[in-house]
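Have a look at the structure below, then the notes.
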Amino acid sequence: MMRLWMFAGALLLLSSTGMPAWLPAAEVPSMLIRLVQQVDVPAREAGLLAAVRVTEGQMVQEGELLAQIDDTEARLAEEQAVLDVQIARANATNDVNLRFARKSVDVAKAELQRAEQSNQSFAKSVSDSEMDRLRLVVERSVLAVEQSQHEQTIAALTLQAKESLVRSVQETVQRHKLLAPFSGIVVQIKRNHGEWVTPGEAVVRILRIDRLRAEGYLPAQYARPDLQGKAVRLSVDLPDAPGTVFPGKIVFLDPEIDPVNAQVRIWAEVENAGLQLRPGMRASMKLDDFSRLPARPAKP
1 MMRLWMFAGA
11 LLLLSSTGMP
21 AWLPAAEVPS
31 MLIRLVQQVD
41 VPAREAGLLA
51 AVRVTEGQMV
61 QEGELLAQID
71 DTEARLAEEQ
81 AVLDVQIARA
91 NATNDVNLRF
101 ARKSVDVAKA
111 ELQRAEQSNQ
121 SFAKSVSDSE
131 MDRLRLVVER
141 SVLAVEQSQH
151 EQTIAALTLQ
161 AKESLVRSVQ
171 ETVQRHKLLA
181 PFSGIVVQIK
191 RNHGEWVTPG
201 EAVVRILRID
211 RLRAEGYLPA
221 QYARPDLQGK
231 AVRLSVDLPD
241 APGTVFPGKI
251 VFLDPEIDPV
261 NAQVRIWAEV
271 ENAGLQLRPG
281 MRASMKLDDF
291 SRLPARPAKP
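Take the sequence shown: its letters are residues 1 to 300, numbered as in our numbering.
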């Protein structure tokens, strides 16, 4: 009779918490392995899909070329923009007009100075109208220097504008390339060579499997905020190696408690360097240093 009551009490605790009464506080017996990251790599430009460089099941590295949209027009625009930059740079570095204008100022000032000295030596040797003309030549030469400086400033700004246009066109060329946003495995080719694609249209689907997430539930009484970042061990029954242990780290502890089973969600990320783990597998999780966590204060 006593054993019956003990069994009934255990069943009551299991139904109220969703976890066995004899479960150690440092263990979550059922964790589901899920993906951390997956993406449908989209086209960023409209055009004909000129090439698909990968196949389904292929492992790719971050930045690897997945597919190529025809970029003939973009490359021609890039070549034209590069030529325009070379022309603009030649104009911006050409200071012939400025040097000539400065030299003209020196000559005009020297001629005016000689006329003034002549008048000092021999009164009225140079007429007033000639003196006015010489002064005007000096002023015109000074203004020519300012105009040349202004033209060089405009040329420098034009060069900057052309260089900016080159970067814009080069970015357009790059947008015709579909690159892997992270290292992973190609699981689906959604568009094939020769098809027309539009911006935002998915072309290749990639899953990241070198890092996975284990999700489960922890009784609320053990869900302390300082659990986040703690090291854990995930035990997984692999086909040829039951109980294989993988180190991981808690990255998320849900602040909300489920009112039905008094549990909180918990996530741990695990490195899957050998690619032995697969999404959908089950694992148990143990927290290595749970015994060193501070005890919860007793209820009054």
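Heads up, the beta-carbon is just placed ideally off N, CA and C, and yes, glycines get one too.
Nearest-angstrom Cα separation, counted from residue j out to residue i
i: residue 62; j: residue 223; result: 36 Å
i: residue 111; j: residue 77; result: 53 Å
i: residue 91; j: residue 159; result: 8 Å
i: residue 79; j: residue 227; result: 57 Å
i: residue 73; j: residue 199; result: 17 Å
i: residue 282; j: residue 256; result: 24 Å
i: residue 67; j: residue 231; result: 39 Å
i: residue 171; j: residue 56; result: 28 Å
i: residue 259; j: residue 237; result: 32 Å
i: residue 195; j: residue 165; result: 30 Å
i: residue 262; j: residue 45; result: 50 Å
i: residue 121; j: residue 129; result: 18 Å
i: residue 21; j: residue 254; result: With a pLDDT of 38 at residue 21, under the threshold of 50, the modelled position of that residue is not reliable, and the figure given next carries that caveat. C-alpha separation (whole angstroms): 22 Å.
i: residue 89; j: residue 155; result: 8 Å
i: residue 125; j: residue 97; result: 34 Å
i: residue 139; j: residue 71; result: 55 Å
Beta carbon of residue i nearer than 8 Å to that of residue j
i: residue 301; j: residue 209; result: Not covered by the structure: residue 301. The range shown for the chain is 1 to 300.
i: residue 370; j: residue 268; result: Only positions 1 to 300 of the chain appear in this structure, which leaves residue 370 out of reach.
i: residue 266; j: residue 216; result: yes
i: residue 205; j: residue 187; result: yes
i: residue 197; j: residue 41; result: no
i: residue 277; j: residue 246; result: yes
i: residue 284; j: residue 27; result: yes
i: residue 175; j: residue 49; result: no
i: residue 31; j: residue 234; result: yes
Residue(s) in a DSSP beta bridge with residue i
i: residue 189; result: 204
i: residue 244; result: 236
i: residue 282; result: 32
i: residue 39; result: 206
i: residue 211; result: 271
i: residue 27; result: 286
i: residue 114; result: Beta-bridge pairing links residue 114 to no other residue.
i: residue 60; result: 184
i: residue 177; result: 68
i: residue 249; result: 231, 269
Three-way DSSP call (helix, strand, coil) for residue i in this model
i: residue 255; result: coil
i: residue 96; result: helix
i: residue 106; result: helix
i: residue 51; result: strand
i: residue 224; result: coil
i: residue 277; result: coil
i: residue 162; result: helix
i: residue 44; result: coil
i: residue 231; result: strand
i: residue 199; result: coil
i: residue 169; result: helix
i: residue 376; result: Limits of the chain in this structure are 1 at one end and 300 at the other, which puts residue 376 out of reach.
Residue i versus the options, residue with shortest Cα-Cα distance
i: residue 142; options: 108, 84, 162; result: 108
i: residue 47; options: 241, 31, 201, 227; result: 201
i: residue 279; options: 28, 27, 36; result: 36
i: residue 101; options: 147, 57, 116, 89; result: 147
i: residue 95; options: 145, 105, 66; result: 145
i: residue 81; options: 168, 60, 28; result: 168
i: residue 39; options: 31, 99, 207; result: 207
i: residue 163; options: 191, 83, 133; result: 83
i: residue 179; options: 53, 133, 88, 33; result: 53
i: residue 270; options: 263, 261, 262, 286; result: 286
i: residue 93; options: 272, 123, 153; result: 153
i: residue 137; options: 113, 123, 151; result: 113
i: residue 51; options: 59, 85, 65, 139; result: 65
i: residue 59; options: 233, 221, 181; result: 181
i: residue 85; options: 161, 225, 105, 104; result: 161
Closer than 8 Å to chain D by CB, residue i
i: residue 149; result: The question asks about chain D, but that chain is absent: this structure has only one protein chain.
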